[in-house]
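**Q** Residue numbers (the working numbering), protein chains in the order written: chain A, 1 to 294; chain B, 1001 to 1244. Just so you know, even glycine gets a beta-carbon here, dropped at the ideal spot from N, CA and C. Just so it is clear, the structure is predicted and the values come from calculations on it, not from any experiment.
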Amino acid sequence: MFSFCTDPSTLDTFRWFSCYLTTGVHMSFYISFFKVLLLLAVTAPVALGFGFLGAMAARATFAPIRWIGKTYIALVRGVPDIAFFLFFVIALDQGIEYVRQKVLCPDWDEPIRQGNDFVVCQAAKMPLGNAAQWVHETYGFALAVFTFAIVFGAFAANVLFGAMRAVPRPQLETGEAYGMSQRQTFWRILVPQMWVYALPGLSNLWMVLIKATPLLFLLGVEDIVYWARELGGTKTPRFTDYPHGDWRMWYFLGLLVFYLCFTRVSEIALDRLMSRLTRGQATAGGEAQRKAPA
Amino acid sequence: MKRILITTAVIAVSAGIAFADSHGKTIRMGTEGAYPPYNFINDNGEVDGFERELGDELCLRAQLTCEWVKNDWDSIIPNLVSSNYDTIMAGMSITDERDEVIDFTQNYYPPTASAFVAAAEGVDLSGGIVAAQTATIQAGYVAESGATLVEFATPEETIAAVRNGEADAVFADKDFLVPIVEESSGDLMFVGDDVPLGGGIGMGLRESDAELKETFDAAITSMKEDGTLNTMLKKWFGEDTTTY
Chain A
1 MFSFCTDPST LDTFRWFSCY LTTGVHMSFY ISFFKVLLLL AVTAPVALGF GFLGAMAARA
61 TFAPIRWIGK TYIALVRGVP DIAFFLFFVI ALDQGIEYVR QKVLCPDWDE PIRQGNDFVV
121 CQAAKMPLGN AAQWVHETYG FALAVFTFAI VFGAFAANVL FGAMRAVPRP QLETGEAYGM
181 SQRQTFWRIL VPQMWVYALP GLSNLWMVLI KATPLLFLLG VEDIVYWARE LGGTKTPRFT
241 DYPHGDWRMW YFLGLLVFYL CFTRVSEIAL DRLMSRLTRG QATAGGEAQR KAPA
Chain B
1001 MKRILITTAV IAVSAGIAFA DSHGKTIRMG TEGAYPPYNF INDNGEVDGF ERELGDELCL
1061 RAQLTCEWVK NDWDSIIPNL VSSNYDTIMA GMSITDERDE VIDFTQNYYP PTASAFVAAA
1121 EGVDLSGGIV AAQTATIQAG YVAESGATLV EFATPEETIA AVRNGEADAV FADKDFLVPI
1181 VEESSGDLMF VGDDVPLGGG IGMGLRESDA ELKETFDAAI TSMKEDGTLN TMLKKWFGED
1241 TTTY
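1. When the Cα of B/ASP1187 is compared with those of B/ALA1172, B/LEU1177, B/ARG1163, B/VAL1170, which residue comes out closest?
2. Applying a beta-carbon distance threshold of less than 7 Å, which residues of chain A neighbour B/THR1026?
3. Which residues mark the beginning and the end of the alpha helix (DSSP H) in which B/PHE1190 is found?
4. Can you find a CB in chain A that lies within less than 8 Å of the CB of B/GLU1053?
5. So for B/TYR1035, helix, strand or coil by DSSP?
6. Does A/ASP81 come out as helix, strand or coil in the three-state DSSP assignment?
7. For chain B, find out if any of its Cβ atoms is closer than 8 Å to the Cβ of A/PHE4; answer yes or no.
8. Ignore the nearest five residues each way along the sequence and tell me which others in A/ARG59's own chain have a CB closer than 8 Å to its CB.
9. At which residues does the alpha helix (DSSP H) containing B/ASP1099 begin and terminate?
10. How many Å lie between B/ASN1084 and A/PHE34 at the Cα?
11. Could you compute how far the alpha carbon of B/GLY1238 sits from the alpha carbon of B/GLY1199?
12. I'd like the list of long-range same chain contacts for A/GLY129, defined as Cβ closer than 8 Å, with 5 residues on each side in sequence excluded.
13. Taking 8 Å as the threshold (beta carbon to beta carbon), is A/ILE224 in contact with chain B?
14. Any idea what DSSP makes of B/LYS1025, helix, strand or coil?
15. Starting from A/PHE118, follow its DSSP beta bridges and name the residues at the other end.
16. My parser needs the beta strand (DSSP E) runs of 3 or more residues fully inside the segment 1040 to 1079 of chain B; what are they?
17. Less than 8 Å between the beta carbons of A/VAL221 and A/ALA149, yes or no?
18. Of all the residues that make up the segment 227 to 240 of chain A, which are near chain B by a beta-carbon distance shorter than 8 Å?
19. Between which two residues does the beta strand (DSSP E) harbouring B/GLU1130 extend?
20. Can you tell me which of A/ALA198, A/GLY233, A/ALA282, A/MET207 puts its alpha carbon nearest to the alpha carbon of A/GLY51?
21. Three-state secondary structure (DSSP) at B/ALA1172?
22. In chain order, what residues of the same chain lie with their CB nearer than 7 Å to the CB of B/ILE1303, ignoring the 5 residues before and after it?
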């Protein structure tokens, strides 16, 4: 990185660290922080979307749709995250390749499962075997985001389902008295009012989601935990210009600080959101805000 | 694919035919990247080590385009059989158990010794606590030796276990341990006798990938014959290492 980094063994501590912390591997480490943030930025809204659909389905009047919603919530919430992650990502990946195989290589007559092997034709590979490494990584990342969204969507669905039921019935009756249709009451009265009931549950989910990001590592995405373990491990002078002992503790301490800061910032933001949502609501919080001197 | 297989059967097995399918395809090489000097991540964040250099040379000789992929040791075989990559070069010893699930090329590293490393002389290797990496031949050996086996996901953690006293000794490939003992300035030492284990290190491939196996077998043979493999072994493992 810097011009004086050619022979690190001769450097003083400060310069040594400024070289050490800017090596190629460390850049990968820093990039992985953005991966985690990106995962959160994408997963949170998608999971909320899944949750909203799940909650709507679970309270539908048409029974089969209600069953789908209820099953989704019960199934995903009931299976341990790790088991779901490991199973679902492999199943999804193989499912996609299986479908592509049927469409793209119809005249392929070998079995897809050969003993232990899962083999599809070259054109059906997802991503293609000759695609660049970043395409493979992006694909793996997308699978991970999708899996996270499904898991956290189920929890969000449960929270939203409860929140929808928590909106006082008289509020909805008022809407009906004004002659609104069921759909209009739902969108104009129920949805705007339910957030204040949903937020405590959703903010809890958000915290759990932040803390669950190291599961990325399980899914083969090189996240901050992977790099912290890799970088912190003992390095002997034969294989690196920057030998050091077992520094994993310091790297993990760094992660700890990162996660703590991140959850703290989240808490502050969620508190503000909560007081914004409480305004004018027929809840204890809303009443307290109203009575407080302006 | 089927056509190729039939042709292969008719004209008898030959490595030349194998190129038909392999051309234009990128061979993805799976490795762990945590087992120096076999494979590790260098300062630039790239896969480096004996297997990187060897693998690149093999691909050159076989006229294949290759790309390196990192994968956790735990899931390195499952991800191979589900076709996430096409080969494993990760210091993996050829054993009968693995051979039932995947195929191996001929070995590119001769059958090698495994060794115990401890923090002090005189530890009890047959009744004490011995650390080894999960799903390695060394872990299998320790489990049968009567010692208490503690398993870790990465080689690094097995060494750390000995340093912090969690385990009495670590059992691993001697070539992995030599640099660690040398750099430990006396903290760690070899104890007990070396144990020859496994059938050498080979490249792992899917059982259905017979053509690719022949291609790489041929490339390894050519490297053994012209002595380049021995040069590479000496470069990475020192002058005293076993050669072909």
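**A** So, to answer that:
1. B/ARG1163
2. GLY129, ASN130
3. Looking at the DSSP string, B/PHE1190 is not in any alpha helix (DSSP H); the run it does join, the beta strand (DSSP E), is 1189 to 1197.
4. no
5. strand
6. helix
7. no
8. ARG66, GLY69, PHE161, MET164, ARG165
9. 1096 to 1101
10. Roughly 25 Å between the two C-alpha positions.
11. 21 Å
12. GLN122
13. no
14. coil
15. The partner list for A/PHE118 (beta bridge, DSSP) reads A/ARG113.
16. 1065 to 1070
17. In this structure, A/VAL221 lies away from A/ALA149, with their beta-carbon atoms at least 8 Å apart.
18. For the segment 227 to 240 of chain A, the set of positions with a beta-carbon nearer than 8 Å to some beta-carbon of chain B reads ARG229, GLU230, GLY233, THR234, THR236, PRO237, ARG238, PHE239, THR240 in chain order.
19. It should be pointed out that residue 1130 of chain B corresponds to Val in this sequence rather than to Glu. Its beta strand (DSSP E) spans residues 1129 to 1133.
20. A/ALA198
21. DSSP, read as helix, strand or coil, puts B/ALA1172 in strand.
22. An answer regarding residue 1303 of chain B cannot be provided, because it is not within the stretch 1001 to 1244 covered by chain B.
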